[in-house]
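**Q** Pasting in a structure now, in structure tokens, and then I'll have a few things to ask.
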Amino acid sequence: MIPKSQINKFIEDLRDDNLTGVAYKNLLLKKKILTHFAHSGNTTINELSKELNISSPKISKMIGELMSDGLVQDYGKIEAGVGRRPNNFGLTNDSVFFVGVEVKKSYINIGITDLNNKLIKFTPGLPYQLSNTEKSLDQLCQLINNYLDKQGIDRKKYLGMGVNLTGRINFRTGYSYSYFYFNEEPLSKVIKARTGISTFLENDSRAMAFGEFTCGGVQDEKDVLFINIDYGIGMGIMINGELYYGKSGFSGEFGHIPFFENEIICHCGKKGCLETEVSGRALIRTFQEKLREGSASRVQGKFSDPEKIELENIIQAAVNDDTLAIELIDELGLKLGKALTSLIHLYNPDLIILGGSLADTGDYLYLPVKMAINKYSLNLISQDTKIKLSSLGIKAGIMGACLLAREKFLKNIY
Numbered sequence: 001m002i003p004k005s006q007i008n009k010f011i012e013d014l015r016d017d018n019l020t021g022v023a024y025k026n027l028l029l030k031k032k033i034l035t036h037f038a039h040s041g042n043t044t045i046n047e048l049s050k051e052l053n054i055s056s057p058k059i060s061k062m063i064g065e066l067m068s069d070g071l072v073q074d075y076g077k078i079e080a081g082v083g084r085r086p087n088n089f090g091l092t093n094d095s096v097f098f099v100g101v102e103v104k105k106s107y108i109n110i111g112i113t114d115l116n117n118k119l120i121k122f123t124p125g126l127p128y129q130l131s132n133t134e135k136s137l138d139q140l141c142q143l144i145n146n147y148l149d150k151q152g153i154d155r156k157k158y159l160g161m162g163v164n165l166t167g168r169i170n171f172r173t174g175y176s177y178s179y180f181y182f183n184e185e186p187l188s189k190v191i192k193a194r195t196g197i198s199t200f201l202e203n204d205s206r207a208m209a210f211g212e213f214t215c216g217g218v219q220d221e222k223d224v225l226f227i228n229i230d231y232g233i234g235m236g237i238m239i240n241g242e243l244y245y246g247k248s249g250f251s252g253e254f255g256h257i258p259f260f261e262n263e264i265i266c267h268c269g270k271k272g273c274l275e276t277e278v279s280g281r282a283l284i285r286t287f288q289e290k291l292r293e294g295s296a297s298r299v300q301g302k303f304s305d306p307e308k309i310e311l312e313n314i315i316q317a318a319v320n321d322d323t324l325a326i327e328l329i330d331e332l333g334l335k336l337g338k339a340l341t342s343l344i345h346l347y348n349p350d351l352i353i354l355g356g357s358l359a360d361t362g363d364y365l366y367l368p369v370k371m372a373i374n375k376y377s378l379n380l381i382s383q384d385t386k387i388k389l390s391s392l393g394i395k396a397g398i399m400g401a402c403l404l405a406r407e408k409f410l411k412n413i414y
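Each residue of the sequence shown is one higher than the one before, counting from 1 in the UniProt record's numbering.
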């Protein structure tokens, strides 16, 4: 590990709102250099000089200061070439870190990445109960603080934290309009004040999408839809290789399209939303109804009261070949596939990725989705759209949160 005294100067400059003149310009140049290393890998001073259109002596000076800060290191001479071979420089992995926090209904996932996007710590399933109360917010911040205290890393080395929440999030302002919206200050600033770490707020589906887009199953595809199927259903959109937010950051509310003519009230307060029949909540409701009507399931042996059955129990039952769970997920998948047909016709995407907890059931969800798409879509359009299950799985949201926090650090947006 880099001694904390080595990185204090860079971090102090980074967090100094009064920095001006040459010192501020040098800080911006250092961040450009770090951004280049982060996105393009190791390079020489001459190559960096050409790329950034800055003189080699100036680049050399900034590289020297970044090495003193502990953020950059010399990786030795390049292997190719003739004559005097220049040195390769790149990021120091364990110099600084980013935190990702994914808030679920009854637990949180939390992880830490280094400056090179390597996930060095990942802890899923920390017990937690999400509710729109001060107590729940206090518990969330305490969980984060307790977790970070146990890692043995100087808090100053955490340069950013991404926090994923369900619902309406304005990522530009840091406000959440679904949970913890009782403070005048943006939620991102409230969490920063309680943890000491610059915080970036993001919708959970969009963060999962960004994780998958950046280091998951996306290869050369430029137009991609990520469908997060959990208790609700959300969507992350990538258009021409960029994450799409919409005007207020509320894009991707796929689950609240009025898709059905039913009298089921969605948790948003409307009737007939896609979520009322295609979501974890809908699956739980239907599963409980079937049990009350006399259907059999191995889940019954664990719960005398159907009302206590959670989504995780049904998913696990399906993975263990429970007939009722498989049948209901099949029905849900057919409805989801039909709904996805509308998106295929609208976006004509390269790829659709199915993620979230229900995607853990694998082919039990995937196959009926594909069947419905084949049945309802225009073949000329849908034949160019690939359908995949998430390759990152449970880690997608954490990777997305950490990566988004890193991007904001590199772009100096806080």
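Where a beta carbon is used, it is the ideal one built from N, C-alpha and C, also for glycine.
Determine the closest residue to V369 out of E79, K335, T133, I191, with distance taken between C-alpha atoms.
**A** Of the candidates E79, K335, T133, I191, the one whose C-alpha sits nearest the C-alpha of V369 is K335.
**Q** DSSP state of I413, grouped into three classes?
**A** Residue placement at I413 is flagged as unreliable, the pLDDT there being 41, under the threshold of 50; the coordinate-derived value follows with that caveat. Here I413 sits in coil by DSSP.
**Q** Taking T341 as the reference, which of D322, P306, I381 has the closest Cα?
**A** Of the candidates D322, P306, I381, the one whose C-alpha sits nearest the C-alpha of T341 is I381.
**Q** Excluding the five sequence neighbours on either side, which residues of its own chain have a C-beta within less than 6 Å of the C-beta of S279, listed in chain order?
**A** So the qualifying residues of the chain are G232, I233.
**Q** If distances are taken between C-alpha atoms only, which option among P124, K157, L28, Q129 comes closest to T92?
**A** The residue with the shortest Cα to Cα distance from T92 is K157.
**Q** So the candidates are G100, R85, G246; which of them puts its Cα closest to the Cα of I197?
**A** Residue G100 is the option with its Cα nearest to I197.
**Q** Hey, would you say D149 sits closer than 8 Å to G356, going by beta carbons?
**A** No, they are not a contact pair.
**Q** Check each candidate in K77, E185, H256, K192 and name the one with the smallest Cα separation from E275.
**A** Of the listed residues, the one whose Cα sits closest to E275 is H256.
**Q** How would you write the range of the beta strand (DSSP E) that T333 sits in, first residue to last?
**A** Here residue 333 is Gly; the residue named in the question, Thr, does not match the sequence. Unbroken run through G333 is the alpha helix (DSSP H), 323-347; no beta strand (DSSP E).
**Q** For the stretch 91-120, which segments carrying the beta strand (DSSP E) assignment without a break, of at least 3 residues, lie completely within its bounds, in sequence order?
**A** The stretch 91-120 contains these whole beta strand (DSSP E) runs: 97-103, 107-114.
**Q** Find out if the Cβ-Cβ distance for the pair G249, F171 is shorter than 8 Å.
**A** Yes, they are a contact pair.
**Q** Beta strand (DSSP E) containing D74: first to last residue?
**A** Element bounds for D74: 72-77.
**Q** Alpha carbon to alpha carbon, what distance is there between T113 and D154?
**A** In a straight line, the C-alpha of D154 is about 14 Å away from that of T113.
**Q** Look at M399 and G211 and say whether their C-beta atoms are less than 8 Å apart.
**A** It is a contact, given that the beta carbons lie within the stated cut-off.
**Q** Measuring alpha carbon to alpha carbon, tell me which residue in G70, V224, G76, Y179 is nearest I352.
**A** I352 has its Cα closest to that of V224, out of G70, V224, G76, Y179.
**Q** May I ask which residues mark the beginning and end of the alpha helix (DSSP H) holding K302?
**A** No alpha helix (DSSP H) contains K302, which DSSP labels as neither H nor E.
**Q** Please determine, among E289, Y347, F97, E184, the residue with the shortest C-alpha to C-alpha distance to G160.
**A** The candidate whose alpha carbon is nearest that of G160 is F97.
**Q** Would R206 and G252 be called neighbours here (beta carbons separated by less than 8 Å)?
**A** Yes, the Cβ-Cβ distance between R206 and G252 is below 8 Å.
**Q** Three or more C-beta pairs closer than 8 Å, one from the stretch 306-316 and one from the stretch 286-295: is that the case here?
**A** Judged by Cβ distances under 8 Å, the stretch 306-316 makes contact with the stretch 286-295, as three or more pairs qualify.
**Q** What's the C-alpha gap between T44 and C268?
**A** Answer to the nearest angstrom: the Cα atoms are 54 Å apart.
**Q** From the beta carbon of A193, is the nearest beta carbon of chain D less than 8 Å away?
**A** Here there is only one protein chain, and chain D is not present.
**Q** Determine the extent of the alpha helix (DSSP H) in which F37 is found, giving its start and end residues.
**A** Per DSSP, F37 belongs to the alpha helix (DSSP H) from 21-40.
**Q** What first and last residue would you give for the alpha helix (DSSP H) that runs through N320?
**A** Careful: N320 lies outside any alpha helix (DSSP H) and carries neither H nor E.
**Q** So, with DSSP's three-state summary, where would you put I11?
**A** In the structure shown, I11 sits in a helix (DSSP, three-state: H, G or I).
**Q** Give me the Cα-Cα distance between residue 432 and L389, rounded to the nearest whole angstrom.
**A** Absent from the model: residue 432. The displayed extent of the chain is 1 to 414, so no value can be given.
**Q** At what residues does the alpha helix (DSSP H) containing N46 begin and finish?
**A** Residues 45-52.
**Q** In the DSSP assignment, what are the bridge partners of V163?
**A** Its beta-bridge partners are V101, L201.
**Q** Would you call S95 buried or exposed, if buried means 16 or more other Cβ atoms sit within 10 Å of its Cβ?
**A** That one is buried.
**Q** With a 10 Å radius around its C-beta and 16 neighbouring C-beta atoms as the bar for buried, classify S176 as buried or exposed.
**A** By the 10 Å Cβ count, S176 comes out buried.
**Q** Using three-state DSSP, classify residue 415 as helix, strand or coil.
**A** One cannot answer for residue 415 here, as it falls past the ends of the chain, which runs 1 to 414.
**Q** Inspect the beta-carbon positions of K338 and A296 and report whether they are closer than 8 Å.
**A** The answer is no: Cβ separation not under 8 Å.
**Q** Looking at C-alpha atoms only, which residue of L29, D69, S68, L66 is the closest neighbour of R51?
**A** According to the sequence displayed, residue 51 carries Glu and not Arg. With distances taken between Cα atoms, E51 lies closest to L29.
**Q** Since L410 and K31 should fall inside the 8 Å C-beta cutoff, what is the C-beta to C-beta distance between them, to a whole number of angstroms?
**A** Indeed, because the Cβ distance is near 6 Å, the residues count as touching under 8 Å.
**Q** Please name the residue in C141, N116, T133, K118 whose C-alpha comes closest to that of residue 415.
**A** Past the boundaries of the shown model lies residue 415; the chain is included only from 1 to 414, so the question cannot be answered.
**Q** Assign P349 to one of two classes, buried (16 or more other C-beta atoms within 10 Å of its C-beta) or exposed (fewer than that).
**A** Buried, by the Cβ-count rule.
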